[in-house]
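Those sequence lines, one after another, are chains A and B. Taken in order, the first sequence gives residues 610 to 947; the numbers are from the numbering used here. Taken in order, the second sequence gives residues 1104 to 1513; the numbers are from the numbering used here. Ideal Cβ positions, reconstructed from N, Cα and C, are used throughout, including at glycine.
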Amino acid sequence: MKKSVFLGAATIAGLAAGAAMAGTVDDVKARGKLNCGVTTGLVGFAAPDANGEWQGFDVSLCRAVAAAVLGDANAVEFVPTTGKTRFTALASGEIDMLARNTTWTFSRDVDLKFEFTGVNYYDGQGFMVPKALGVSSAKELDGARVCIQTGTTTELNLADFFRANNISYEPVPIETNAEAQQQYLAGACDVYTTDASGLAATRATFEAPDEHILLPEIISKEPLGPLVRHGDHEWGDVVRWTLNALISAEELGVTSANIDELSAGTDNPEINRLLGTEGTLGEMLGLDADWAAKAIKAGGNYGEIFAKNIGEETPIGLARGLNAQWTEGGLLYSPPFR
Amino acid sequence: MSTMTDPPKADFRLSMLINDTRYRSLTFQVIAAIVIALSIWYLGNNLIQNLRAAGLNISYSFLGDSAGYDINQRLVEYDSQSSHARAALVGLLNTLLVAFLACITATVFGVIAGVLRLSNNWLVSKLMAVYVEIFRNIPVLIWIIIIFTIMTAVLPPPSAFRGENPTSSMLFGSFAFTNRGIYFPRPEFANGLFASAALNWLLVIAVLIGSWFVSGEVEKRATKKQEETGERPATLLPKLAIWLVPFVLLMIIMGLTWDVPELKRFNFSGGLNAGGPLIALWFALSIYTGAFIAENVRAGIQAISKGQTEAAAALGLRQGRIMKLVILPQALRVIIPPLISQYLNITKNSSLAIAVGYADITATLGGITLNQTGRAIECVLLLMLFYLTASLLISTGMNIYNASVKLKER
């Protein structure tokens, strides 16, 4: 007994030991590798491909940050985290940043002492039901059994939504998307609810996608974004502005195809500042002058990353929707590089 | 001649702590204890300091906050506005419920399988050997998932009960076996003696306990009579009457009716419902641990000398009575200590409930609450405390029972 208490305490203390460090930028440079927390596997967002290489929308952000800081998009150690382990891994310093479709909420930002460095995907919670049920609105779901991934913000929204509309439901807690799919298709639950992007991705894998509909209600805002530990502002700036660089690059028309050409210098001062041919933005961040150029080269600009991993040409088939540039009616808006 | 004096008092020297075997073991134990205490203190202090440096602190105040999530199976009142502490309580009761049910059924399975494995019938004993080996050698998590998957895949969804020509129909018009669990009628009292349903049920339980006492008394009297006169009076009819008459009378007085489950828009409602996760977890834990208990029972029976069986047979006892009256009571002394471990295992293994979505304490406090609040260290410490307490309580209870059946040595 003594031994197990000792080991338990050792584990906890060991985890916490790294928490108090400052200067993550220097740590990452010294280590020569970025430790990036991702999901344990959600195709399109973060999952290893057939060759064991991590691929996906969130993974691309990790690679961009690694390229900006270390100049090498492959200098990333991907740490798979579950909904349960993600925050402990970040708080303890096991990972330098978390890019794992995590919703930016008040308590995570304030109480858990994390810092969200922006939004890389604007999502919202939706419902999927079989067409045969004849349901056309989420408000008709009184008495339904709802499959829900536990420990997520969607779980809380679900409780709030049904409570606010004064209807009842029976939650069926499940751990993973795969499990939800099996339960839903077996008819063990009437409804599956999660982020609308996840529903679309899941429905796309069904044998008969036409037999299932997404209800019109989107009951929550789910801004998903990367986060770092609170208090290390230099590191927070690096991650924030790497994401902004990818978004700005799309807005300014900088792509992985034309970036070499543009890096030689252009007429547009903002592109010049972004790519480091003018001004000292890189120096202010404590990075090389061409940090943003490297980040964009790693996987392309935001639009390219989106199209390659989760866009309409992929099996996931998500439209840009809210995630279009502000100039095209979306919410993506990077502060100016000046 | 010198006079006898007291032997010189061995004066204590510091080196004796190492060299003298009387003190040496003590010395090392004290040193070990100090080192362990210091390490724990150091690590704990390190943890607290680092948390503080990160702007965090160990705080249990989140337990009072509103939990915000719903739980599908609850033995006490709970809704999404209840506190995290309440959610933990719901989970705790669910853990205890499934552990209690599984302990009982695992014991039944185990005793039957253990006895049958020693059967002279080749087929029966080999069948039991196959059962024991298959279940003992595959992890319980796999069994839980297999049983749950088979249940959801094989049993029909509620929609199969719908329509003019449903593909499934309810057993006796009142039992529905679906992939969401089993729905069955709930007894209700039309004119109960008390306003609250719980009090009415307490009354029923009280009557049953009364019957149990009285029938025990009848049995005792019969044994006494047998010892005095050598003849045992028939007890079956009186006992049957003692059990049935008050119970049936009470049911008639209180007006027993049944609330039969009905298919509503999405689901069956009304009646009682044993959820799929509970059934899968309960069955898997019982049948898995049952295999281990079977081995304990077999070991216990084999520990009793064959001479006991032969002696009992020489007295003219039949096989069944030899087992019941001679072998098993002695075997219990060997069976119970390892049985305690199996009960602890059931309780701890019930934490695998999360695999099938059963809301035990690991799922509520250690899963959703931990996730929603991010208070990992606090939640895990509470979980450890709970499982430790539960295990020690079960162990104490079973050890008291063990003390009452073990060989009395004087």
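Here's the rule I'm using: 16 or more other beta-carbon atoms within 10 Å means buried, otherwise exposed. How should residue i be labelled?
i       : result
A:L616  : Summary for A:L616: the model assigns pLDDT 43, below 50, so the residue's position carries little reliability; its value from the coordinates is reported in the next sentence. By the 10 Å Cβ count, A:L616 comes out exposed.
B:S1222 : exposed
B:K1511 : exposed
A:T803  : buried
A:K722  : buried
A:E892  : exposed
B:Y1446 : buried
A:S911  : First, the amino acid is wrong: residue 911 of chain A is Tyr here, not Ser. Buried, since its Cβ has 16 or more Cβ neighbours within 10 Å.
B:P1336 : exposed
B:R1177 : buried
A:T712  : buried
A:S716  : exposed
A:H821  : buried
B:W1315 : exposed
B:A1414 : exposed
B:I1137 : exposed
Excluding the five sequence neighbours on either side, which residues of its own chain have a C-beta within less than 7 Å of the C-beta of residue i, listed in chain order?
i       : result
A:L890  : R882, F946
A:E922  : A916
B:V1437 : A1402, G1403, A1406
B:S1271 : P1259, A1263, F1264
B:I1247 : A1383, L1384, A1387, L1455, A1458, V1459
A:A902  : I868, S872, L884, G885
A:L750  : V744, I776, Y778, V800
Identify, in the order they occur along the chain, each residue of the same chain with its Cβ nearer than 6 Å to the Cβ of residue i, setting aside the five sequence neighbours on each side.
i       : result
B:G1284 : N1376, A1377, G1378, G1379
B:A1300 : none
A:T886  : G874
A:Y778  : A753, V755, F771
I need the DSSP call for residue i, collapsed to helix, strand or coil.
i       : result
B:I1143 : helix
B:W1385 : helix
B:Y1181 : coil
A:L833  : strand
A:M630  : Because the pLDDT at A:M630 is just 48, under 50, the model does not fix this residue reliably, and the point stays unresolved.
A:G735  : strand
A:W844  : helix
A:A682  : coil
B:N1370 : coil
A:V744  : coil
B:S1498 : helix
A:V728  : coil
A:F771  : helix
A:Y778  : strand
Are the beta-carbon atoms of residue i and residue j separated by less than 7 Å?
i       : j       : result
A:A907  : A:A854  : no
B:I1439 : B:N1505 : yes
A:L871  : A:G735  : no
B:L1366 : B:F1264 : yes
B:P1341 : B:Y1286 : no
A:D720  : A:S806  : no
A:W900  : A:A747  : no
B:S1183 : B:G1194 : no
A:M706  : A:V837  : yes
B:G1167 : B:S1186 : yes
A:L956  : A:I757  : The question about residue 956 of chain A has no answer, for chain A in this structure spans 610 to 947.
A:A708  : A:D681  : no
B:V1201 : B:S1453 : yes
A:R937  : A:G845  : It should be pointed out that residue 937 of chain A corresponds to Glu in this sequence rather than to Arg. Going by C-beta atoms, A:E937 is not nearer than 7 Å to A:G845.
Leaving out the 5 sequence neighbours to the left and right, which residues in its chain are closer than 8 Å to residue i when beta-carbon positions are compared?
i       : result
B:R1289 : W1361, D1362, G1373, G1374, L1375
B:L1353 : L1306, V1307, V1310
B:E1481 : I1161, S1162, Y1163, F1165
A:A809  : L823, I925, G926, L927
Residues in the segment 1443-1462 of chain B having any Cβ partner in chain A nearer than 8 Å: Hits within the stretch, in order: I1457, A1458, G1460, A1462.
The segment 1153-1167 of chain B: positions lying closer than 7 Å to chain A by Cβ: The segment 1153-1167 of chain B vs chain A, Cβ under 7 Å: N1153, L1154, A1156, A1157, G1158, L1159.
Interfacial residues, the segment 1471-1482 of chain B to chain A, with Cβ spacing under 7 Å: Identification of residues in the segment 1471-1482 of chain B having a C-beta nearer than 7 Å to some C-beta of chain A yields I1471, L1473, N1474, Q1475, G1477, A1479, I1480, given in sequence order.
Members of the segment 731-760 of chain A that neighbour chain B once the beta carbon cut-off is set at 7 Å: Within the segment 731-760 of chain A, those residues whose Cβ lies closer than 7 Å to any Cβ of chain B are, in chain order, G752, A753, R754, T759, G760.
Chain A contacts made by the segment 1355-1382 of chain B, where a contact means CB separation under 8 Å: Identification of residues in the segment 1355-1382 of chain B having a C-beta nearer than 8 Å to some C-beta of chain A yields K1367, R1368, F1369, N1370, S1372, G1379, given in sequence order.
Chain-ordered residues of the segment 1253-1264 of chain B with a beta carbon less than 7 Å from chain A: Going along the segment 1253-1264 of chain B in chain order, one finds T1255, A1256, P1260, S1262 with a Cβ nearer than 7 Å to chain A.
Interfacial residues, the segment 924-947 of chain A to chain B, with Cβ spacing under 9 Å: Taking 9 Å as the Cβ-Cβ cut-off against chain B, none of the residues of the segment 924-947 of chain A qualify.
Contact set between the segment 762-785 of chain A and chain B, restricted to residues whose Cβ is under 7 Å from the partner: With the criterion set as a beta carbon lying under 7 Å from some beta carbon of chain B, the members of the segment 762-785 of chain A are E764, L765, A768, R772, E779, P780, V781, P782, I783, E784, in sequence order.
Chain B contacts made by the segment 827-855 of chain A, where a contact means CB separation under 8 Å: Cβ contacts with chain B: R838, H839, G840.
Positions along the segment 1268-1286 of chain B whose CB lies within less than 8 Å of some CB in chain A: For the segment 1268-1286 of chain B, which is checked against every Cβ of chain A, the residues closer than 8 Å are N1282, R1283.
Contact list for the segment 686-712 of chain A against chain B, Cβ threshold 8 Å: Residues passing the 8 Å Cβ filter: G692, K693, F696, T697, A700.
Residues of the segment 795-822 of chain A with Cβ closer than 7 Å to any Cβ of chain B, in chain order: Within the segment 795-822 of chain A, the residues whose Cβ lies closer than 7 Å to any Cβ of chain B are, in chain order, A795, G796, A797, D799.
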